[in-house]
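Here numbering that gives the first Met the number 0 is used: the first residue of the sequence shown is 0, the next is one more, and so on.
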Amino acid sequence: MTAPEVLVIILSIFLAIFLAIGIILGILLIRITLQIKHVTEKAEKTADNIETITSTVASSSFAALNSMFIAKALKKWMKTSDNSKKRR
């Protein structure tokens with residue numbers, strides 16, 4: 000065997016090793032990107048749910064504030080009407 004033949008064999012072995020490593024890393028990269036995709040989908044669903052809950056709470060609190068305002072106004076009106084009846 001001559002030196003160029005030995006060099007070709009050594010380079011072929013290294014090429015095969017790096018090719019195998021590249022294939023393995025490619026497969027791992029695909030798996031990681033799929034996992035990232037699933038995580039982002041779950042995060043998006045969670046964000047949508049939180050947005051829905053927030054809007055529901057906001058509209059409920061607005062309705063509660065309106066109810067409290069109306070109740071206070073009615074109480075004041077009832078007190079003033081009771082006071083005006085007592086004055087007559």
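For each residue, glycine too, the CB sits at the ideal point set by N, CA and C.
Own chain residues within Cβ distance below 6 Å of residue i, not counting five before or after
i          : result
residue 64 : none
residue 70 : none
Three-state secondary structure (DSSP) of residue i
i          : result
residue 45 : helix
residue 0  : coil
Beta-carbon contacts of residue i that lie in its chain and below 8 Å, excluding the five residues immediately before and after
i          : result
residue 45 : none
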